[in-house]
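Asker: What follows is a single structure, and I will ask about it in a moment.
Numbering (full-length UniProt numbering), first residue to last: 1 to 428.
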């Protein structure tokens with residue numbers, strides 16, 4: 001009997017990559033031909049919930065421990081663009097691998113995480129204005145309070161570094177408040193004054209001077225500048241995914257290699273007036289997920305199942321014909337919320353849990369329910385509407401069953417206790 005063929009697996013992950021900035025997802029704001037190859041030749045996921053292009057290797061978020069070039073006595077600097085360097089090292093590793101055995105490679109990029117330091121060769125891309133999202137001027141009515149106080153507004157919270165603008169000298173009242181209130185942090189937010197006629201912003205790269213006549217004009221400048229830098233950084237990701245796919249073609253490994261591309265989370269591209277993530281609304285909740293494996297996945301197919309990043313490990317083990325340990329949970333909800341194909345239920349603790357950087361806790365707990373079929377932009381919290389009472393109960397029971405399965409203790413009042421006491425579902 002012939003031995004079972006075990007595929008190679010390449011797992012490519014980027015940081016903060018919005019699904020809408022991959023052209024096969026259909027938003028029409030940019031062009032990513034190499035990422036599109038994964039769905040044109042494989043499958044894309046419709047629902048997967050939940051950058052630098054320069055690289056400084058120091059302890060902290062995104063730490064890279066490769067003993068070949070990180071020594072215990074300090075940091076190392078590798079010249080070049082981070083996305084290119086990571087891809088170089090991945091291809092070099094594959095070329096030197098033991099060719100008698102299948103391989104598993106994780107190629108993880110920090111891009112397109114802020115501050116979106118794009119490659120010089122992409123500086124002329126996306127110069128035409130990009131249409132403002134329909135929810136760009138959101139007033140946050142009928143949503144949890146967190147939406148109102150979030151410090152991730154395009155108009156108010158982007159920094160000089162984010163937009164490649166020279167930060168002027170002067171008092172904070174004039175040049176903008178710090179993004180982080182620490183003595184060692186200098187990057188300030190670009191002001192958003194009522195009178196913008198005296199504001200002059202200077203491009204760090206070209207020296208071009210920008211002036212404004214209206215506050216709306218300043219806000220739209222920030223949006224377009226942000227989008228240009230973000231999408232240009234995405235272009236480097238696309239280039240390097242293409243390098244990986246071309247290498248597989250040249251080596252004759254395409255047919256027997258699973259290639260997965262995803263991100264750690266989505267990202268707001270001006271929707272609700274925001275950049276960044278941190279919310280369970282669709283733009284940041286949805287992560288791109290694309291997989292190509294020619295023997296079993298039909299080109300241009302779409303998976304409508306809801307998947308989560310905790311499903312990756314068991315999926316890879318299954319593809320590699322390796323037994324999945326019993327302690328691996330195939331699905332999990334570390335966040336406090338559940339969704340199905342139509343509804344999304346969210347619970348807001350509104351507690352700080354003693355974590356630095358959070359708002360003081362103790363505020364009233366909140367629930368949100370969104371009908372993503374009738375309200376795809378998630379503008380109307382329908383949790384308290386009588387016609388959704390059965391849906392709230394069903395979704396709450398789904399959440400509590402999942403929490404019981406993974407051993408998570410609910411903070412909210414359990415549904416069974418509410419029903420026993422005759423309490424409305426609106427109680428927290």
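Don't be surprised by glycine CBs; every beta carbon is placed ideally from N, CA and C.
1) Cβ of residue 397 versus every heavy atom of the ligand FAD: is any distance shorter than 7 Å?
2) In three-state DSSP terms, what is residue 24?
3) Considering only the beta carbon of each residue, do residue 17 and residue 138 sit closer than 8 Å?
4) Closest to residue 8 by C-alpha separation, out of 94, 355, 76, would be which residue?
5) Are residue 234 and residue 43 touching if we call contact CB-CB under 8 Å?
6) Applying the 10 Å Cβ sphere with the 16-neighbour rule, what's the burial state of residue 218?
7) Hey, out of 81, 300, 231, whose CA is closest to residue 268's CA?
8) Between the segment 291–301 and the segment 346–365, do at least 3 Cβ pairs fall closer than 8 Å?
9) Would you mind stating whether residue 202 and residue 222 have Cβ atoms separated by less than 8 Å?
10) Closest to residue 158 by CA distance: which of 283, 220, 406, 15 is it?
11) When we look at the beta-carbon of residue 261 and count the other beta-carbons within 10 Å, is it buried (16 or more) or exposed?
12) Less than 8 Å between the C-beta atoms of residue 319 and residue 258, yes or no?
13) Looking at the structure shown, is residue 306 part of a helix, part of a strand, or coil, going by DSSP?
14) Am I right that residue 86 and residue 113 are in contact with their C-beta atoms under 8 Å? What's the rounded C-beta distance?
15) Which residues in the same chain have their Cβ closer than 6 Å to the Cβ of residue 263, if we skip the five residues on either side of it in sequence?
16) Determine contact between the segment 308–328 and the segment 340–349, defined as no fewer than three beta-carbon pairs at a distance below 8 Å.
17) Just to confirm, are residue 91 and residue 243 a CB contact at a threshold of 8 Å?
18) Do residue 130 and residue 224 have their C-beta atoms within less than 8 Å of each other?
19) Residue 198: buried (16+ other C-beta within 10 angstroms of its C-beta) or exposed?
20) I need the boundaries of the alpha helix (DSSP H) containing residue 222, first residue and last residue.
21) Can you tell me which of 34, 279, 206 puts its alpha carbon nearest to the alpha carbon of residue 147?
22) Just tell me which of 369, 255, 194 has its CA closest to the CA of residue 396.
23) Taking residue 248 as the reference, which of 293, 207, 208 has the closest Cα?
24) Would you kindly report the start and end of the unbroken alpha helix (DSSP H) that includes residue 263?
25) Near residue 163, which residues of its chain fall below 6 Å by C-beta distance, leaving aside the five closest residues on each side in sequence?
26) Put residue 121 into one of helix, strand or coil per three-state DSSP.
27) Could you please give me the residues that DSSP links to residue 344 through a beta bridge?
Answerer: Inspection of the coordinates gives the following:
1) The model on display carries no ligand, and the ligand FAD is accordingly not part of it.
2) Residue 24 falls in the helix class under three-state DSSP.
3) No, they are not a contact pair.
4) Between residue 8 and the set 94, 355, 76, the nearest pair of CA atoms involves 94.
5) It is not a contact, given that the beta carbons lie outside the stated cut-off.
6) Buried: at least 16 other Cβ atoms inside 10 Å.
7) Selected option, being the one with the closest Cα: 231.
8) The answer is no - the segment 346–365 does not touch the segment 291–301, with fewer than three Cβ pairs under 8 Å.
9) Not closer than 8 Å, so no.
10) The candidate whose alpha carbon is nearest that of residue 158 is 220.
11) Taking all protein chains shown into account, residue 261 has 16 or more neighbouring C-beta atoms within 10 Å of its C-beta and is therefore buried.
12) In contact: residue 319 and residue 258 (Cβ atoms closer than 8 Å).
13) It is a strand residue.
14) Wrong, their Cβ atoms sit about 13 Å apart, outside the cutoff.
15) Hits under 6 Å: 14, 17, 287, 288.
16) As far as the Cβ criterion goes, the segment 308–328 does not touch the segment 340–349, which means the pair count is below three.
17) In contact: residue 91 and residue 243 (Cβ atoms closer than 8 Å).
18) Taking 8 Å as the cut-off, the beta carbon of residue 130 is found closer than this to the beta carbon of residue 224.
19) Residue 198 should be labelled exposed.
20) That run of the alpha helix (DSSP H) goes 215–251.
21) Just measuring C-alpha positions, the residue of 34, 279, 206 sitting nearest residue 147 is 279.
22) Residue 369 holds the alpha-carbon nearest to the alpha-carbon of residue 396 among 369, 255, 194.
23) The shortest Cα separation from residue 248 among 293, 207, 208 belongs to 293.
24) Counting along the chain, no alpha helix (DSSP H) covers residue 263; the unbroken beta strand (DSSP E) around it starts and ends at 257–263.
25) The beta carbon of residue 163 is closer than 6 Å to those of 225 in its chain, skipping five residues each way along the sequence.
26) Here residue 121 sits in helix by DSSP.
27) Looking at the DSSP assignment, residue 344 forms a beta bridge with 339, 370.
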